[in-house]
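Protein chains: 2
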Amino acid sequence: GPSAAARQGAVACLIRSVGGADYRLPHTGQTKYADDAPKIPAGAVTAEDADLIVDLVRQGPVKMKLILTPQQLPDVESYNVIGDIKGSEHPEQIIIVSGHLDSWDLGTGAVDDGAGVAVSMEAANLIQKLHLKPKRTIRVIAWMNEENGLAGSKQYEKDHREEWSNHFAAMETDGGAGHPIGINIKGKFEIKKLLAPVLAVLQESGAGGTNFAEHVGADIQPMEKADVPAFSPIQDSRFYFNYHHTAADTLDKIVPKELAENSAVVAVVTYALANMEQPLPR
Amino acid sequence: GPSAAARQGAVACLIRSVGGADYRLPHTGQTKYADDAPKIPAGAVTAEDADLIVDLVRQGPVKMKLILTPQQLPDVESYNVIGDIKGSEHPEQIIIVSGHLDSWDLGTGAVDDGAGVAVSMEAANLIQKLHLKPKRTIRVIAWMNEENGLAGSKQYEKDHREEWSNHFAAMETDGGAGHPIGINIKGKFEIKKLLAPVLAVLQESGAGGTNFAEHVGADIQPMEKADVPAFSPIQDSRFYFNYHHTAADTLDKIVPKELAENSAVVAVVTYALANMEQPLPR
Numbered sequence: 001g002p003s004a005a006a007r008q009g010a011v012a013c014l015i016r017s018v019g020g021a022d023y024r025l026p027h028t029g030q031t032k033y034a035d036d037a038p039k040i041p042a043g044a045v046t047a048e049d050a051d052l053i054v055d056l057v058r059q060g061p062v063k064m065k066l067i068l069t070p071q072q073l074p075d076v077e078s079y080n081v082i083g084d085i086k087g088s089e090h091p092e093q094i095i096i097v098s099g100h101l102d103s104w105d106l107g108t109g110a111v112d113d114g115a116g117v118a119v120s121m122e123a124a125n126l127i128q129k130l131h132l133k134p135k136r137t138i139r140v141i142a143w144m145n146e147e148n149g150l151a152g153s154k155q156y157e158k159d160h161r162e163e164w165s166n167h168f169a170a171m172e173t174d175g176g177a178g179h180p181i182g183i184n185i186k187g188k189f190e191i192k193k194l195l196a197p198v199l200a201v202l203q204e205s206g207a208g209g210t211n212f213a214e215h216v217g218a219d220i221q222p223m224e225k226a227d228v229p230a231f232s233p234i235q236d237s238r239f240y241f242n243y244h245h246t247a248a249d250t251l252d253k254i255v256p257k258e259l260a261e262n263s264a265v266v267a268v269v270t271y272a273l274a275n276m277e278q279p280l281p282r
Numbered sequence: 001g002p003s004a005a006a007r008q009g010a011v012a013c014l015i016r017s018v019g020g021a022d023y024r025l026p027h028t029g030q031t032k033y034a035d036d037a038p039k040i041p042a043g044a045v046t047a048e049d050a051d052l053i054v055d056l057v058r059q060g061p062v063k064m065k066l067i068l069t070p071q072q073l074p075d076v077e078s079y080n081v082i083g084d085i086k087g088s089e090h091p092e093q094i095i096i097v098s099g100h101l102d103s104w105d106l107g108t109g110a111v112d113d114g115a116g117v118a119v120s121m122e123a124a125n126l127i128q129k130l131h132l133k134p135k136r137t138i139r140v141i142a143w144m145n146e147e148n149g150l151a152g153s154k155q156y157e158k159d160h161r162e163e164w165s166n167h168f169a170a171m172e173t174d175g176g177a178g179h180p181i182g183i184n185i186k187g188k189f190e191i192k193k194l195l196a197p198v199l200a201v202l203q204e205s206g207a208g209g210t211n212f213a214e215h216v217g218a219d220i221q222p223m224e225k226a227d228v229p230a231f232s233p234i235q236d237s238r239f240y241f242n243y244h245h246t247a248a249d250t251l252d253k254i255v256p257k258e259l260a261e262n263s264a265v266v267a268v269v270t271y272a273l274a275n276m277e278q279p280l281p282r
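Protein chains in written order, with our numbering: chain Y, 1 to 282; chain L, 1 to 282.
Set out below in structure tokens:
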């Protein structure tokens, strides 16, 4: 990053955009400055422009003029959006189903993470439409400020960390809306055995796979760290980084059928967790 | 276009970008105004933005503010670049091998049509490197101003139309640098039979196909119209319109192996035409 470059004497820092597409799209991301290095201007260039610069540098000294327009504005008040379906037997026990509301301003954030918010809301909607009565509380959260510091997640932690033992499980969908093939699990290996009947149901539509992961969702990380079992759908992510954090992250990229598939998977897992006989091991 | 819109009372005209990619790239193109309609501002919007506008219009009246920066500057002098390998037996008879020099300013024009210029130059280069002696003259042309009115092609026509009968054949490569599978032919069906031995050679590398077309190259159209047999490589064009006339038309899109394949096909056809025993039917 720019701090490492500044320590070497750099006056500015340009990062080659990461991403899966080669359509001259700059890819936005967060820049963090270390306290002990000069804060030099930093920006992202497209892969094509990075290639061009490399080619020019090979031919001799290159002079660049940077006009960077981003501004750091003061924080403003904003909110997590939270809705509960109250549990019929253990209302104090909570299953979180979530995505995040904010996105980067180049695009509209349909893939990252409008899809996750839609999937989470639709999962709860499906459960209600099917007149299912969850025994535990299902809490849909649209997190605020995932991209820029996780303020929403941190506030929720501040408000609820005394109740982590009552947070039965947490889910987050933040990997786009691609076809799901199963669920990621952050938790004890025994969880898979306990979920076997649910996975058998999911497998009927090809989404019965499991993957144990170190980390499954940015906003639910405080709960992950407190050993609350955490989940996310395993999604087809081949195209996610084509659009991620670029101007091309718009609604036309969402395939309604695949969005619905994700909602179904999240709904099945959520309802199963809400009605499990025994608690999950921590 | 804008003239049709203006006749209906429009004050400006926005065209949905054509192209194969969905990466929020506007696609440039030519705007022609009719003499009998008001000349209203016209521009292209990306497919994503077109979708957004359609969606907004469905919800009610939409107000747009257009800031269009393009300028029509006066013409400046520029040149076709022409090089001959003189024929050993019929130097007055000419095979044209060509691409065009100009491109749209958003990108660098690597696919459209740096590739065609490179292929044409390399075809002649291969023939010289192999110490082949063409009986007819091979004329490599890098046309100027294909995109914006064909001034180079028109000037060549003006300078050479008295010699069309000596123009044995004309080729143009203006469809990118994708893997070639054969040659397009604008001319009499008998040409295929006469080229059979050449096509057999090309077929060894999978490029022995033929396609009779109405039109094979913009710059060689005056010769097509004068019944000069015209050719172009049949290329894998699946990705051409992803990059065509956009900011993403840059050198990294060219696959060196496929560029070389096109050069080989054009070289084989060119040399065969230069050394054919009999003239092609017109």
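Even glycine gets a Cβ: it sits at the ideal position worked out from N, Cα and C.
Collapsed DSSP secondary structure at residue i in the structure displayed
i	result
phenylalanine 241(Y)	helix
asparagine 275(L)	helix
arginine 136(L)	strand
histidine 90(L)	strand
serine 103(L)	coil
isoleucine 53(L)	helix
asparagine 80(L)	coil
proline 233(Y)	strand
glycine 1(L)	coil
leucine 14(Y)	strand
isoleucine 220(L)	coil
valine 62(Y)	coil
valine 198(L)	helix
glycine 109(Y)	coil
serine 205(Y)	coil
Whole-Å CB distance - residue i paired with residue j, under 8 Å assumed
i	j	result
leucine 273(Y)	valine 119(Y)	About 16 Å separates the two Cβ atoms, so there is no contact after all.
isoleucine 127(L)	alanine 267(L)	6 Å
valine 265(L)	proline 197(L)	Not a contact, Cβ separation roughly 15 Å.
serine 78(L)	alanine 37(L)	About 30 Å separates the two Cβ atoms, so there is no contact after all.
valine 111(L)	tyrosine 23(L)	Actually they are not in contact, since the Cβ atoms of valine 111(L) and tyrosine 23(L) sit about 15 Å apart, beyond 8 Å.
alanine 207(Y)	glycine 182(Y)	5 Å
histidine 245(Y)	tryptophan 104(Y)	5 Å
isoleucine 96(L)	histidine 167(L)	7 Å
isoleucine 191(L)	threonine 137(L)	Not a contact, Cβ separation roughly 20 Å.
glutamate 48(L)	aspartate 252(Y)	6 Å
serine 232(Y)	glutamate 172(Y)	5 Å
proline 229(L)	serine 153(L)	Between serine 153(L) and proline 229(L) the Cβ distance is about 17 Å, and since that is not below 8 Å, they are no contact.
serine 237(L)	glycine 178(L)	6 Å
asparagine 184(L)	alanine 213(L)	5 Å
Interface flag, residue i vs chain Y, CB-CB below 7 Å
i	result
alanine 110(L)	no
is_contact[residue i, chain L] using C-beta, thresh 7 Å
i	result
glutamate 48(Y)	yes
tyrosine 240(Y)	no
leucine 25(Y)	yes
Neighbour list for residue i in chain Y, Cβ cutoff strictly below 8 Å
i	result
aspartate 22(L)	Ala248, Asp252 and Lys253
Partner residues on chain L for residue i, Cβ-Cβ distance less than 7 Å
i	result
aspartate 51(Y)	Asp252
Run through the stretch 163-195 of chain L for me and flag every whole beta strand (DSSP E) of 3 or more residues, listed as ranges in chain order.
167-172 and 180-186
Entirely enclosed beta strand (DSSP E) segments - the stretch 23-48 of chain L, minimum 3 residues
42-45
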